[in-house]
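Visitor:
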Amino acid sequence: MDLKTRLIEKLEENGQRYYPLTQWAELLGLTKQDELERFFQTVRELEEDGVLTMTRNDKVILTKDAGWKTGVLSINAKGFGFVDLEEGSIYIHSSGLKDAMHQDTVLVKPKTYNDGSSEGIVVKVLERAVTQVVVETIRVDGKLDYVVNDPRIRQKVVFTQSDLSRVTEGVILVAKIVGYGDPLTIKLDKILGYKNEPGMDVLTVLAEYGIEPKFPQEVMDQVEKIPMEVREEDKKGRRDYTDRVVVTIDGEDAKDLDDAISLKKVDGKYHLQVHIADVSHYVRAYTPIDKEAEHRTTSVYVVDRVVPMLPQALSNGVCSLHPNVLRLTLTCDMVVNPNGSVDTYEIVPSFIKSNYRMTYSNVNKILDHDPQVTKQYEEVKDLFFLMKEAADAIRTRREGMGSINFETVESKFKVDENGKVLSISARTQDDAELIIEDFMVLANETVARHMKWLEIPSLYRVHEIPDKVKLQEFSKIL
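Right, here's the structure in full:
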């Protein structure tokens with residue numbers, strides 16, 4: 016048993032008895048110099064992690080025994096904040112924030128008043144969330160000054176370097192935080208440009224969230240070594256689906272086509288294949304591309320552009336299921352009965368050659384019997400009616416099992432050549448969008464079931480049972 020575990024267990028055994036550090040060392044039987052040095056180092060680490068707390072007279076207790084809580088801080092533009100805890104949230108007045116910043120993980124000391132209200136003060140910042148700031152250069156009394164773009168950051172800023180000769184009024188800067196407190200000590204990282212330049216508002220938002228459009232050079236060097244076409248050797252050990260009619264269905268402006276569908280009906284059952292681009296063939300674990308993708312976690316869509324998780328040579332190239340080219344895939348091959356249940360399935364490495372790059376708009380027009388679009392896709396039009404038939408069966412089964420459909424509205428922006436927003440409209444979700452959703456959900460369910468049977472650990476999105484009181488209140492609204 017390591018020293019951290021032993022110390023925590025000893026503290027728990029002794030309840031809320033406050034002993035000096037030296038006495039805890041004695042209780043653990045630590046007397047030698049090297050043992051004591053390791054003990055004091057362990058205490059410092061546990062204190063940094065918010066597990067232990069030192070009292071004013073140098074006695075140590077478990078933080079939970081002191082009634083202190085750990086949570087994520089959300090700061091309002093007006094200066095106050097809330098810390099999100101498992102049992103709710105606690106209000107933090109601006110005077111109780113210390114040097115904590117928005118989204119920091121903090122240790123909070125709660126205080127309850129006679130009227131039942133409560134608030135807290137930040138005792139310590141356990142983990143910093145903000146590591147860089149976006150700063151605008153302004154002129155005050157004839158001198159250049161700097162103001163943080165995010166109104167939730169209350170601190171003033173001071174640059175470490177004295178030479179900012181390239182910086183003039185109206186310039187937007189990105190700076191790394193090298194020292195926390197008030198003021199923040201920052202170091203110039205890069206100059207974004209002038210605040211009134213087209214698209215600067217989008218670049219500013221990306222920088223505030225730490226989203227970097229450019230990839231590190233070592234990532235791009237690795238991309239250069241990846242073949243951008245499927246070779247004969249790549250097809251070995253993979254199932255050939257090139258004899259099937261395969262289609263992709265995406266938005267009109269989509270570039271990364273990462274899923275495709277093939278479907279036919281045999282003896283009253285739907286033989287459905289969901290093909291997913293096999294990115295793992297090209298992005299190996301622990302390589303620079305993999306580490307950068309882990310850091311980014313997702314592609315980010317903002318107004319008129321996308322900041323991809325993978326370099327575009329991959330996401331829009333060899334890992335995108337463009338028509339009439341061979342692509343490596345992972346296929347969930349399912350036989351679905353008329354009731355929408357999966358009778359049998361296989362999950363296999365594969366390769367495909369997509370026949371049609373369809374859009375949601377055109378598939379919806381075919382399903383609505385638009386004569387012009389139907390004529391354009393005469394050879395494949397029946398496939399989309401078969402897709403709707405299969406998707407209806409799948410959805411009916413899922414809803415019969417208690418699935419809830421949440422209607423959310425996603426915005427679509429129309430911009431001019433300078434990135435100025437001309438109009439905002441709601442993205443529609445018609446039959447074509449629902450078909451793809453139903454097929455993808457079914458494939459995900461099948462893969463999840465397969466992994467469970469194989470006892471392979473996986474991540475699941477779990478929606479906890481709603482609070483009974485809140486559910487009753489919600490039912491009154493309905």
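Residues in the sequence shown are numbered consecutively from 16, following the working numbering. Beta carbons are placed, not taken as given, at the ideal position from N, Cα and C, and that holds for glycine. The structure presented is a predicted model; accordingly, all values stated were derived computationally and were not measured.
Closest by CA to T346, which one among A275, R320 and V340?
Guide: Checking every option, the nearest Cα to that of T346 belongs to A275.
Visitor: Check whether the region 80–90 touches the region 114–121, taking contact to mean three or more Cβ pairs, one atom from each stretch, closer than 8 Å.
Guide: Yes, since at least three Cβ pairs between the region 80–90 and the region 114–121 fall closer than 8 Å, the two stretches touch.
Visitor: Which whole runs of the alpha helix (DSSP H) in the region 381–469 are 4 residues long or more, in chain order?
Guide: Whole alpha helix (DSSP H) segments, 4+ residues: 386–391, 396–415 and 446–468.
Visitor: Taking contact to mean at least 3 C-beta pairs separated by less than 8 Å, is the region 254–261 in contact with the region 361–372?
Guide: Flag = yes, the region 254–261 and the region 361–372 touch.
Visitor: Along the chain, where does the alpha helix (DSSP H) that runs through Q118 open and close?
Guide: No alpha helix (DSSP H) holds Q118; DSSP gives it neither H nor E.
Visitor: Quick check: what's the CA-CA separation for D445 versus N379?
Guide: Between D445 and N379, the C-alpha separation is close to 7 Å.
Visitor: In whole angstroms, give me the CA-to-CA distance for S426 and R442.
Guide: Roughly 6 Å between the two C-alpha positions.
Visitor: Would you call the region 347–355 and the region 410–427 touching, i.e. three or more CB-CB distances under 8 Å?
Guide: Verdict: yes, contact present.
Visitor: Can you tell me whether F174 is buried or exposed, with buried defined as 16 or more other CB within 10 angstroms of its CB?
Guide: Buried, by the Cβ-count rule.
Visitor: Once DSSP output is grouped into helix, strand and coil, what is the label at M4?
Guide: No answer is possible for residue 4: the residues shown for the chain start at 16 and end at 493.
Visitor: Which ranges would you report for the beta strand (DSSP E) in the region 24–84 if only whole runs of at least 3 residues count?
Guide: DSSP runs (the beta strand (DSSP E)) wholly in the region 24–84: 67–69 and 74–77.
Visitor: Give the straight-line distance between the Cα atoms of T219 and E432, rounded to the nearest whole angstrom.
Guide: If I take the Cα positions, the gap works out to 19 Å.
Visitor: Between the region 118–134 and the region 176–187, do at least 3 Cβ pairs fall closer than 8 Å?
Guide: Not touching, per the Cβ criterion.
Visitor: Contact check, D204 vs Q147 under 8 Å by CB: the rounded distance?
Guide: That belief holds up - the Cβ atoms of D204 and Q147 are roughly 7 Å apart, short of 8 Å.
Visitor: So what does F502 bridge to, in DSSP terms?
Guide: Any question about residue 502 goes unanswered here, given that the chain covers just 16 to 493.
Visitor: Assess contact between the region 212–230 and the region 311–328, defined as three or more Cβ pairs (one per stretch) separated by less than 8 Å. Is contact present?
Guide: Yes, the region 212–230 is in contact with the region 311–328.
Visitor: Below 8 Å CB to CB, which residues in the same chain sit around T389 once its five sequence neighbours on both sides are set aside?
Guide: Answer for T389: K380, I381 and K396, listed in chain order.
Visitor: Keeping to the same chain, check which residues put their C-beta closer than 7 Å to that of K191; ignore five residues upstream and five downstream.
Guide: Closer than 7 Å at the Cβ level, and outside the excluded window around K191, lie T146, Q147, I201, K202 and D204.
Visitor: Helix, strand or coil for L474, going by three-state DSSP, please let me know.
Guide: Reduced to three states, the DSSP call for L474 is coil.
Visitor: Can you tell me which of Q391, S365 and L469 puts its alpha carbon nearest to the alpha carbon of E247?
Guide: That would be S365, whose Cα lies nearest to the Cα of E247.
Visitor: For K240, does the count of other Cβ atoms within 10 angstroms reach 16, so buried, or fall short, so exposed?
Guide: Exposed: under 16 other Cβ atoms inside 10 Å.
Visitor: For G65, which residues in the same chain have their Cβ closer than 6 Å to its Cβ, ignoring the five residues on either side in sequence?
Guide: Closer than 6 Å at the Cβ level, and outside the excluded window around G65, lie T78, T85, L122 and L141.
Visitor: What distance in whole Å lies between the Cβ atoms of Q237 and P323, which are believed to be in contact at a cut-off of 8 Å?
Guide: P323 to Q237, Cβ: 15 Å. No contact.
Visitor: Give the straight-line distance between the Cα atoms of T57 and V155, rounded to the nearest whole angstrom.
Guide: Approximately 49 Å, taken between the alpha carbons.
Visitor: Please identify the residue among K93, K124 and V294 whose C-alpha is closest to the C-alpha of D165.
Guide: Among K93, K124 and V294, the Cα nearest to that of D165 belongs to K93.
Visitor: Could you tell me the alpha carbon to alpha carbon distance between P481 and V281, rounded to whole angstroms?
Guide: Spanning the two alpha carbons is a distance of roughly 42 Å.
Visitor: Got a sec? Which residues, its chain only, sit under 7 Å from R311 by beta carbon, not counting five neighbours each side?
Guide: Answer for R311: M324, listed in chain order.
Visitor: Buried or exposed: which applies to M402, given that a residue is buried once 16 or more other Cβ atoms fall within 10 Å of its Cβ?
Guide: The residue in question, M402, is buried, as its Cβ has 16 or more Cβ neighbours within 10 Å.
Visitor: Hey, how far is the Cα of L287 from the Cα of E101?
Guide: Computed Cα separation, rounded: 42 Å.
Visitor: Enumerate, from N- to C-terminal direction, the unbroken alpha helix (DSSP H) stretches of 4 or more residues contained entirely within the region 257–337.
Guide: List check, alpha helix (DSSP H) in window: 303–311.
Visitor: Our contact map puts L14 next to H337 with C-beta atoms below 8 Å; I'd like the distance itself, whole angstroms only.
Guide: Here the chain has residues from 16 to 493 only, and residue 14 is not among them.
Visitor: Going by CA-CA distance only, name the one from A458, F97, L45 and L43 that's closest to V289.
Guide: If we check each option's Cα against that of V289, A458 comes out closest.
Visitor: Tell whether a beta-carbon distance below 8 Å holds between L343 and D249.
Guide: Cβ atoms of L343 and D249: closer than 8 Å.
Visitor: So, helix, strand or coil for I6, using DSSP?
Guide: Because the chain is modelled from 16 through 493, residue 6 falls outside the range shown and cannot be assessed.
Visitor: Taking 8 Å as the threshold (C-beta atoms), are L43 and K25 in contact?
Guide: In contact: K25 and L43 (Cβ atoms closer than 8 Å).
Visitor: Relative to the C-alpha of A144, which candidate in Y224, V163 and N129 has its C-alpha closest?
Guide: The shortest C-alpha separation from A144 is found at Y224.
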